[in-house]
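Working notes, beginning with the structure itself.
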Amino acid sequence: MAHEQIRPSSPSMCLLRSYGTTKMTHLEAALLGIIQGLTEFFPVSSSGHLALGQSLMGIETGDVTFEVIVHFGTLLAVITVLRRRIWALIVGFFQGNPADLKMVGLLAIGSVPAAIVGFTLEDSIGGIFASPWTVSLLLAVTGLVLFSTRNLVGERMANSFGGGIAMGVAQAAAILPGISRSGMTIAVGMWCRIDAGEAAAFSFMLAIPVIAGPTALKLAALLGGEVGTESWSVLLVGAITAYAAGVVSIRWLLSILARGELSRFAYYCWAVGLIGCIAFWE
(Lines of atoms letter the chains of each structure in order from A and count residues from 1; the text may use other names and numbers.)
(Lines give C-alpha, C1' and ligand atoms only; values in the text may rest on other atoms or scores of the structure.)
Protein backbone atom coordinates (compact mmCIF):
# COMPACT_ATOMS: atom_id res chain seq x y z
CA MET A 1 0.00 0.00 0.00
CA ALA A 2 1.21 3.50 -0.74
CA HIS A 3 2.87 5.27 2.14
CA GLU A 4 3.50 8.57 0.42
CA GLN A 5 1.74 11.14 2.58
CA ILE A 6 -0.31 14.08 1.44
CA ARG A 7 -1.76 16.67 3.76
CA PRO A 8 -5.44 17.07 2.98
CA SER A 9 -7.24 20.05 4.41
CA SER A 10 -10.85 20.41 5.50
CA PRO A 11 -13.70 19.46 3.14
CA SER A 12 -13.86 23.00 1.90
CA MET A 13 -10.14 23.74 1.65
CA CYS A 14 -8.26 22.45 -1.38
CA LEU A 15 -4.64 21.47 -1.89
CA LEU A 16 -2.89 23.84 -4.23
CA ARG A 17 0.52 24.79 -5.57
CA SER A 18 2.76 26.77 -3.26
CA TYR A 19 3.47 30.29 -4.40
CA GLY A 20 6.60 30.18 -2.32
CA THR A 21 8.29 27.65 -4.60
CA THR A 22 6.81 28.08 -8.08
CA LYS A 23 4.90 30.91 -9.68
CA MET A 24 1.40 29.86 -10.65
CA THR A 25 0.50 30.71 -14.22
CA HIS A 26 -2.83 32.10 -15.38
CA LEU A 27 -3.60 28.80 -17.12
CA GLU A 28 -2.90 26.82 -13.94
CA ALA A 29 -5.08 29.21 -11.96
CA ALA A 30 -7.91 28.78 -14.46
CA LEU A 31 -7.63 24.98 -14.42
CA LEU A 32 -7.53 24.79 -10.63
CA GLY A 33 -10.44 27.20 -10.38
CA ILE A 34 -12.51 25.05 -12.74
CA ILE A 35 -11.62 21.85 -10.87
CA GLN A 36 -12.51 23.43 -7.54
CA GLY A 37 -15.78 24.90 -8.83
CA LEU A 38 -16.94 21.65 -10.40
CA THR A 39 -15.89 19.18 -7.71
CA GLU A 40 -16.97 21.33 -4.76
CA PHE A 41 -20.60 20.67 -5.61
CA PHE A 42 -20.61 17.55 -7.77
CA PRO A 43 -20.80 14.45 -5.51
CA VAL A 44 -17.29 13.29 -6.37
CA SER A 45 -15.19 14.81 -3.52
CA SER A 46 -13.23 17.96 -4.32
CA SER A 47 -10.69 17.20 -1.57
CA GLY A 48 -10.18 13.69 -2.96
CA HIS A 49 -9.62 14.86 -6.53
CA LEU A 50 -7.27 17.64 -5.52
CA ALA A 51 -5.37 15.34 -3.17
CA LEU A 52 -4.88 12.75 -5.91
CA GLY A 53 -3.96 15.45 -8.40
CA GLN A 54 -1.44 16.88 -5.96
CA SER A 55 0.15 13.48 -5.48
CA LEU A 56 0.27 12.72 -9.21
CA MET A 57 1.67 16.10 -10.25
CA GLY A 58 3.94 16.68 -7.27
CA ILE A 59 2.19 19.90 -6.28
CA GLU A 60 3.08 21.12 -2.81
CA THR A 61 0.93 23.11 -0.41
CA GLY A 62 2.05 26.50 0.76
CA ASP A 63 0.58 29.99 0.53
CA VAL A 64 -3.16 29.85 1.26
CA THR A 65 -3.93 33.00 -0.73
CA PHE A 66 -5.15 31.16 -3.80
CA GLU A 67 -7.35 28.72 -1.91
CA VAL A 68 -8.98 31.61 -0.05
CA ILE A 69 -9.80 33.29 -3.34
CA VAL A 70 -11.21 30.22 -5.13
CA HIS A 71 -13.33 29.31 -2.13
CA PHE A 72 -14.70 32.82 -2.10
CA GLY A 73 -15.63 32.20 -5.74
CA THR A 74 -17.50 28.98 -4.93
CA LEU A 75 -19.23 30.69 -2.01
CA LEU A 76 -20.51 33.38 -4.37
CA ALA A 77 -21.68 30.62 -6.74
CA VAL A 78 -23.94 29.12 -4.05
CA ILE A 79 -25.33 32.52 -3.15
CA THR A 80 -25.94 33.35 -6.83
CA VAL A 81 -27.85 30.18 -7.68
CA LEU A 82 -29.89 30.13 -4.46
CA ARG A 83 -30.17 33.91 -4.05
CA ARG A 84 -33.98 34.04 -4.16
CA ARG A 85 -34.34 31.21 -1.69
CA ILE A 86 -31.70 32.63 0.63
CA TRP A 87 -33.23 36.12 0.50
CA ALA A 88 -36.72 34.74 1.20
CA LEU A 89 -35.28 32.79 4.13
CA ILE A 90 -33.60 35.90 5.56
CA VAL A 91 -36.73 38.02 5.17
CA GLY A 92 -38.92 35.30 6.66
CA PHE A 93 -36.53 34.86 9.58
CA PHE A 94 -36.65 38.53 10.55
CA GLN A 95 -40.41 38.58 10.07
CA GLY A 96 -40.72 35.68 12.47
CA ASN A 97 -42.11 33.20 9.95
CA PRO A 98 -42.23 29.82 11.81
CA ALA A 99 -41.11 27.77 8.79
CA ASP A 100 -38.15 30.06 8.10
CA LEU A 101 -37.19 30.22 11.77
CA LYS A 102 -37.18 26.42 11.83
CA MET A 103 -35.09 26.20 8.64
CA VAL A 104 -32.47 28.64 9.96
CA GLY A 105 -32.35 26.66 13.19
CA LEU A 106 -31.86 23.41 11.28
CA LEU A 107 -29.06 24.95 9.22
CA ALA A 108 -27.38 26.16 12.41
CA ILE A 109 -27.74 22.77 14.11
CA GLY A 110 -26.63 20.94 10.97
CA SER A 111 -23.43 23.00 10.86
CA VAL A 112 -22.38 22.03 14.39
CA PRO A 113 -21.03 18.50 13.68
CA ALA A 114 -18.77 19.73 10.86
CA ALA A 115 -17.54 22.63 13.00
CA ILE A 116 -16.69 20.32 15.90
CA VAL A 117 -14.90 17.79 13.71
CA GLY A 118 -13.14 20.46 11.67
CA PHE A 119 -11.74 22.37 14.63
CA THR A 120 -10.86 19.40 16.85
CA LEU A 121 -10.03 16.43 14.66
CA GLU A 122 -8.95 17.78 11.28
CA ASP A 123 -5.20 17.38 11.78
CA SER A 124 -5.36 13.92 13.35
CA ILE A 125 -7.85 12.56 10.83
CA GLY A 126 -5.93 14.11 7.97
CA GLY A 127 -2.75 12.38 9.12
CA ILE A 128 -4.41 8.98 9.36
CA PHE A 129 -6.16 9.16 6.00
CA ALA A 130 -3.41 10.96 4.11
CA SER A 131 -2.20 8.40 1.56
CA PRO A 132 -3.44 8.62 -2.04
CA TRP A 133 -4.34 4.91 -1.86
CA THR A 134 -6.67 5.56 1.08
CA VAL A 135 -8.19 8.56 -0.70
CA SER A 136 -8.91 6.31 -3.70
CA LEU A 137 -10.54 3.74 -1.44
CA LEU A 138 -12.74 6.40 0.16
CA LEU A 139 -13.81 7.57 -3.29
CA ALA A 140 -15.07 4.04 -3.88
CA VAL A 141 -16.97 4.28 -0.58
CA THR A 142 -18.56 7.50 -1.82
CA GLY A 143 -19.63 5.54 -4.88
CA LEU A 144 -21.39 2.97 -2.69
CA VAL A 145 -23.26 5.72 -0.85
CA LEU A 146 -24.38 7.32 -4.12
CA PHE A 147 -25.41 3.97 -5.60
CA SER A 148 -27.63 3.30 -2.59
CA THR A 149 -29.94 6.14 -3.69
CA ARG A 150 -30.86 4.60 -7.05
CA ASN A 151 -34.36 3.51 -6.00
CA LEU A 152 -35.11 6.17 -3.42
CA VAL A 153 -37.97 8.59 -4.01
CA GLY A 154 -38.36 11.35 -1.45
CA GLU A 155 -41.44 13.46 -0.89
CA ARG A 156 -40.71 15.45 2.24
CA MET A 157 -39.34 18.96 2.53
CA ALA A 158 -35.91 19.43 4.11
CA ASN A 159 -37.36 20.80 7.34
CA SER A 160 -37.33 17.85 9.73
CA PHE A 161 -35.15 17.94 12.83
CA GLY A 162 -33.91 14.38 12.32
CA GLY A 163 -33.10 14.98 8.66
CA GLY A 164 -31.17 18.16 9.44
CA ILE A 165 -29.09 16.45 12.12
CA ALA A 166 -28.43 13.43 9.90
CA MET A 167 -27.28 15.62 7.01
CA GLY A 168 -25.09 17.62 9.39
CA VAL A 169 -23.37 14.45 10.61
CA ALA A 170 -22.94 13.33 6.99
CA GLN A 171 -21.28 16.66 6.22
CA ALA A 172 -18.87 16.17 9.12
CA ALA A 173 -17.86 12.77 7.69
CA ALA A 174 -16.70 14.56 4.55
CA ILE A 175 -13.61 15.82 6.37
CA LEU A 176 -12.11 12.58 5.06
CA PRO A 177 -10.54 13.24 1.64
CA GLY A 178 -12.39 11.06 -0.85
CA ILE A 179 -15.75 11.35 0.93
CA SER A 180 -17.97 13.79 -0.97
CA ARG A 181 -19.66 16.46 1.14
CA SER A 182 -22.52 17.06 -1.28
CA GLY A 183 -22.83 13.35 -2.09
CA MET A 184 -23.04 12.32 1.56
CA THR A 185 -25.47 15.04 2.60
CA ILE A 186 -27.82 14.62 -0.36
CA ALA A 187 -27.78 10.82 -0.08
CA VAL A 188 -28.50 10.91 3.65
CA GLY A 189 -31.30 13.38 3.01
CA MET A 190 -32.78 10.98 0.48
CA TRP A 191 -32.44 8.14 3.00
CA CYS A 192 -34.62 10.30 5.26
CA ARG A 193 -37.18 10.43 2.44
CA ILE A 194 -36.47 14.07 1.67
CA ASP A 195 -37.00 15.10 -1.96
CA ALA A 196 -33.66 15.05 -3.82
CA GLY A 197 -33.95 18.67 -4.96
CA GLU A 198 -34.85 19.80 -1.45
CA ALA A 199 -31.97 17.78 -0.01
CA ALA A 200 -29.59 19.41 -2.51
CA ALA A 201 -30.80 22.93 -1.70
CA PHE A 202 -30.39 22.24 2.02
CA SER A 203 -26.96 20.73 1.35
CA PHE A 204 -25.81 23.79 -0.59
CA MET A 205 -27.08 26.20 2.07
CA LEU A 206 -25.43 24.00 4.70
CA ALA A 207 -22.19 24.45 2.77
CA ILE A 208 -22.25 28.24 3.15
CA PRO A 209 -20.96 28.36 6.77
CA VAL A 210 -18.62 25.41 6.11
CA ILE A 211 -17.02 27.26 3.20
CA ALA A 212 -17.29 30.75 4.69
CA GLY A 213 -15.85 29.87 8.12
CA PRO A 214 -12.42 28.54 7.10
CA THR A 215 -12.25 31.05 4.25
CA ALA A 216 -12.87 33.97 6.63
CA LEU A 217 -10.18 32.72 9.02
CA LYS A 218 -7.59 32.44 6.27
CA LEU A 219 -8.69 35.75 4.77
CA ALA A 220 -8.10 37.36 8.17
CA ALA A 221 -4.58 35.92 8.17
CA LEU A 222 -4.08 37.24 4.65
CA LEU A 223 -5.26 40.75 5.51
CA GLY A 224 -3.19 40.63 8.69
CA GLY A 225 -0.05 40.25 6.64
CA GLU A 226 0.63 36.65 7.70
CA VAL A 227 0.34 35.44 4.11
CA GLY A 228 1.88 37.02 1.06
CA THR A 229 0.29 37.45 -2.32
CA GLU A 230 1.60 37.08 -5.83
CA SER A 231 -0.09 38.29 -9.00
CA TRP A 232 -3.57 39.65 -8.36
CA SER A 233 -4.45 38.88 -11.98
CA VAL A 234 -3.73 35.19 -11.29
CA LEU A 235 -5.93 35.30 -8.20
CA LEU A 236 -8.70 37.00 -10.16
CA VAL A 237 -8.58 34.32 -12.86
CA GLY A 238 -8.88 31.61 -10.20
CA ALA A 239 -11.81 33.33 -8.51
CA ILE A 240 -13.72 33.93 -11.73
CA THR A 241 -13.26 30.40 -13.05
CA ALA A 242 -14.17 28.86 -9.68
CA TYR A 243 -17.30 31.02 -9.55
CA ALA A 244 -18.36 30.21 -13.12
CA ALA A 245 -17.69 26.49 -12.75
CA GLY A 246 -19.51 26.49 -9.41
CA VAL A 247 -22.64 28.07 -10.90
CA VAL A 248 -22.62 25.58 -13.77
CA SER A 249 -22.07 22.57 -11.50
CA ILE A 250 -24.84 23.52 -9.05
CA ARG A 251 -27.41 24.05 -11.80
CA TRP A 252 -26.28 20.92 -13.61
CA LEU A 253 -26.51 18.82 -10.46
CA LEU A 254 -30.00 20.13 -9.69
CA SER A 255 -31.14 19.08 -13.17
CA ILE A 256 -29.57 15.64 -12.70
CA LEU A 257 -31.34 15.23 -9.36
CA ALA A 258 -34.65 16.23 -10.96
CA ARG A 259 -34.23 13.23 -13.26
CA GLY A 260 -33.40 10.95 -10.32
CA GLU A 261 -29.90 10.20 -11.57
CA LEU A 262 -27.69 10.88 -8.54
CA SER A 263 -26.63 7.23 -8.43
CA ARG A 264 -24.92 7.55 -11.82
CA PHE A 265 -22.05 9.42 -10.19
CA ALA A 266 -21.25 6.16 -8.38
CA TYR A 267 -19.72 4.68 -11.52
CA TYR A 268 -17.39 7.65 -11.91
CA CYS A 269 -16.29 7.44 -8.26
CA TRP A 270 -15.67 3.70 -8.60
CA ALA A 271 -13.65 4.19 -11.79
CA VAL A 272 -11.43 6.90 -10.29
CA GLY A 273 -11.14 4.98 -7.03
CA LEU A 274 -10.10 1.79 -8.83
CA ILE A 275 -7.56 3.58 -10.99
CA GLY A 276 -6.15 5.31 -7.92
CA CYS A 277 -5.93 2.09 -5.90
CA ILE A 278 -4.02 0.43 -8.74
CA ALA A 279 -1.78 3.43 -9.43
CA PHE A 280 -0.78 3.95 -5.80
CA TRP A 281 -0.54 0.31 -4.73
CA GLU A 282 2.88 -0.77 -3.48
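The C-terminal position of the sequence shown is numbered 1515 in the working numbering, with every residue numbered one higher than the one before it.
Even for Gly, the Cβ is constructed at its ideal location relative to N, Cα and C.
Since we're looking at a predicted model, the values are computed, not measured.
| query | result |
| --- | --- |
| Inter-stretch contact (C-beta, 8 Å, three-pair minimum) for the stretch 1436-1453 and the stretch 1259-1270 | no |
| Burial state of Leu1495, where buried means 16 or more other Cβ atoms lie within 10 Å | buried |
| Boundaries (first-last residue) of the alpha helix (DSSP H) holding Gly1422 | Arg1414 to Trp1424 |
| Alpha-carbon to alpha-carbon, Val1443 and Val1470 | 23 Å |
| Opening and closing residue of the alpha helix (DSSP H) in which Leu1271 lies | His1259 to Phe1274 |
| CB contact flag (Val1467, Thr1272, <9 Å) | no |
| Member of Thr1313, Pro1447, Ala1454 and Ala1373 whose CA lies at the smallest distance from the CA of Gly1509 | Ala1373 |
| Collapsed DSSP secondary structure at Val1277 in the structure displayed | coil |
| Presumed contact (8 Å Cβ cut-off) between Thr1375 and Gly1416, rounded CB distance | 5 Å |
| Ala1332 to Leu1490 span [Cα, whole Å] | 24 Å |
| Alpha-carbon spacing of Leu1339 relative to Trp1514, whole angstroms | 42 Å |
| Presumed contact (8 Å Cβ cut-off) between Val1314 and Val1480, rounded CB distance | 6 Å |
| Between the CA atoms of Ser1278 and Glu1431 - distance to the nearest angstrom | 20 Å |
| When Leu1322, Met1423 and Ala1454 are compared against Gly1396, the one with the closest alpha-carbon | Met1423 |
| As assigned by DSSP and simplified to three states, the class of Leu1468 | helix |
| 8 Å contact criterion, which Pro1410 and Gly1281 should meet: CB distance rounded | 5 Å |
| For Gly1376, the three-state DSSP class (helix, strand or coil) | helix |
| Where Arg1492 falls: helix, strand or coil (DSSP) | coil |
| Segment limits, alpha helix (DSSP H) that includes Phe1305 | Thr1298 to Val1314 |
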